[in-house]
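Contents: one structure, followed by commentary.
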Amino acid sequence: MKLAAAIDAFDSLMPYVLHLVLLYVSAGLFYFLYKYKSSGGGPNPNLPPGKKGLPYIGETLDFVLASRRGTPEKFVTDRTTKYSPDVFRTSLLGEDMAVFCGSAGNKFLFSGQNKYVTSWWPDSIKKALMDPSSVENSSKEESTKLRAYLPPFLKPESLQHFIPVMDIMAKEHLNQHWSPYNEVQVFPLSKKYTFALACRLFMSVTDNDEIENFAKPFALATAGLMSVPIDLPGTTFNRAVKAGRLIRQRLLALITQKKNEILEKGKTVASDLVDSMLMDGMTEVEIGNKIVGFFIASHDTTSTAITFIVSYLSDYPEVYNRVLEEQMEVLRCKEAGEPLRWEDIRKMKYTWCVASEVMRLAPPANGSFREAITDFTYAGYTIPKGWKAFWMVHTTHKNPKYFPDPERFDPSRFEGNGPAPYSFVPFGGGPRMCPGKEYARLEILTFIHNLLTTFKWVKLNPNEKISYIPSPIPKEGLPIKIQPLLN
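Here the sequence shown stands for residues 87 to 573, numbered as in my numbering.
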């Protein structure tokens with residue numbers, strides 16, 4: 087009887103045993119294919135040293151955890167120490183990836199665009215923010231178009247017209263969102279300012295309700311940019327996809343309205359970036375994709391930089407006093423109510439040194455991705471075609487080879503000739519320098535001028551934790567206590 091019962095029990099378990107066997111065989115096959123693919127699909131070339139981690143997940147979890155703990159550079163230094171100071175192998179976001187290190191690695195990727203590598207965006211970014219009909223377009227084509235339309239908009243003669251608008255909007259923002267309060271959170275308010283400014287300059291949108299209709303879904307979409315692209319209800323990526331769809335719908339309606347106005351009024355002079363692209367014959371979908379890209383590049387990065395400039399100025403009174411004196415000297419040369427001009431910005435040299443040192447220690451962006459378009463060799467290692475490449479600010483910004491005593495806050499590093507080429511790269515470098523760098527510089531300096539000449543402040547939590555998601559974010563939003571400067 088016991089034997090029969092045992093046999094019956096075994097029979098009842100057979101379907102599960104078969105499932106386990108099939109799972110085991112499938113996993114083994116998957117692992118074999120994974121290893122085969124990671125070796126280049128054939129005889130193993132001389133790949134960069136490193137490891138891929140788990141299938142699909144790779145070392146993404148290690149990278150995310152280091153970032154959330156506020157030490158993204160540790161992901162890099164651990165591997166450059168163990169494997170190679172030039173380039174190491176990893177797997178991020180489900181992709182074979184070579185991380186290029188040091189100023190030489192940065193220079194190689196910036197200079198090798200369209201020769202060895204091309205621009206590449208993770209699926210999470212493409213699926214969340216780009217129109218589905220254009221997702222198949224190559225990143226190379228999108229990047230080329232993006233840069234083609236940015237330079238005319240950001241030429242010095244155009245930027246000079248933006249400065250008074252930036253100045254007026256900064257004053258209005260501080261008066262409305264800072265002056266009525268004794269305590270404020272710098273990070274969310276700086277995001278509000280930079281987003282409103284982008285809406286005004288890119289699309290001529292000034293209505294607060296309309297700005298908020300773009301801002302809310304944009305925040306949800308950007309939160310999912312570096313998430314695992316699993317589109318299931320309740321996931322960060324799912325919320326990002328839904329928000330991206332809503333953004334595109336609203337952008338399409340606005341762009342169509344502006345197109346009709348141009349046709350009806352026979353308009354020949356562009357009022358903003360959308361007008362400029364419409365007059366150059368771009369489609370509504372193309373313009374929508376570009377505008378989303380402009381917002382990502384100009385909004386999160388500048389708001390992060392502004393936040394950490396406020397933080398570091400609070401920590402270093404001697405630096406604060408020198409920046410304040412520079413800004414007060416600019417103010418003393420102005421008539422009452424006269425907005426800032428190009429010549430005023432040019433006087434803010436030390437302030438920009440401070441901003442640069444802040445961006446070295448708390449870079450607004452981690453870096454950027456590329457894709458190998460051919461097999462090539464770097465530092466003696468083979469990078470196979472199709473592999474992704476990643477340059478990161480953290481391979482140089484806190485590297486004592488380029489910045490002695492790298493944890494020390496020292497704006498004088500940027501006086502005179504400044505850092506070595508390709509070592510300070512918050513905006514990229516060389517031929518791949520971000521074309522929006524000067525726009526960001528004007529936006530940051532204009533806001534800091536108005537803030538410093540209006541308020542003084544102290545941090546409410548000097549030990550606030552910082553997390554990189556992927557940009558550095560103060561976990562409490564950088565709360566400060568403010569009071570009018572003249573009190």
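Glycine is no exception: its CB is placed at the ideal position from the N, C-alpha and C atoms.
- Taking the Cα positions, P135 is about 48 Å away from I297.
- When DSSP states are grouped into helix, strand and coil, V291 belongs to the coil group.
- C-alpha of M478 to C-alpha of P486: approximately 16 Å in a straight line.
- Around the CB of R432, fewer than 16 other CB atoms lie within 10 Å, so the residue is classed as exposed.
- Look at the beta carbons and you see the region 438–452 touching the region 396–406: at least three pairs across the two are nearer than 8 Å.
- Judged by their CB atoms, P505 and F489 are nearer to each other than the 8 Å cut-off.
- By the Cβ rule, the region 263–280 counts as touching the region 380–393, because three or more pairs are nearer than 8 Å.
- For T463, the closest C-alpha among the options F194, H263, R165, Y169 is that of F194.
- When rounded, the separation of the alpha-carbon atoms in I459 and K471 is 5 Å.
- For the options A526, T482, G522, G320, the alpha carbon positioned closest to that of P171 is the one of T482.
- Between the alpha carbons of N346 and L340 lies a gap of roughly 10 Å.
- G352 and I382 have their C-alpha atoms some 32 Å from each other.
- Rounded to the nearest whole angstrom, the CA to CA distance from S265 to T532 is 18 Å.
- Between L538 and F248 a beta carbon distance of about 20 Å is seen, past the 8 Å cut, so the two are scored as non-contacting.
- Between D253 and L426 the beta-carbon gap is near 4 Å, inside 8 Å, which marks them as a contact.
- In the structure shown, A465 adopts coil according to DSSP, grouped into three states.
- Here Q569 is exposed. Its C-beta has fewer than 16 other C-beta atoms within 10 Å.
- Residues N375 of the same chain have their beta carbon placed closer than 7 Å to that of M216, with the five preceding and five following residues left out of the count.
- In terms of Cα proximity to D317, the closest of W473, I534, E493, K213 is K213.
- Rounded to the nearest whole angstrom, the C-alpha separation of M365 and E350 is 13 Å.
- If you keep only unbroken alpha helix (DSSP H) runs of at least 4 residues inside the region 331–398, you get 359–365, 370–381.
- V327 and A307 have their C-alpha atoms spaced approximately 7 Å apart.
- Under the criterion of beta carbons closer than 8 Å, T468 and I534 do not qualify as touching, at roughly 46 Å.
- Taking 8 Å as the cut-off, the beta carbon of F513 is found no closer than this to the beta carbon of L359.
- Under a 10 Å Cβ-count criterion, D182 is classified as buried, with 16 or more other Cβ atoms of the shown protein chains found around its own Cβ.
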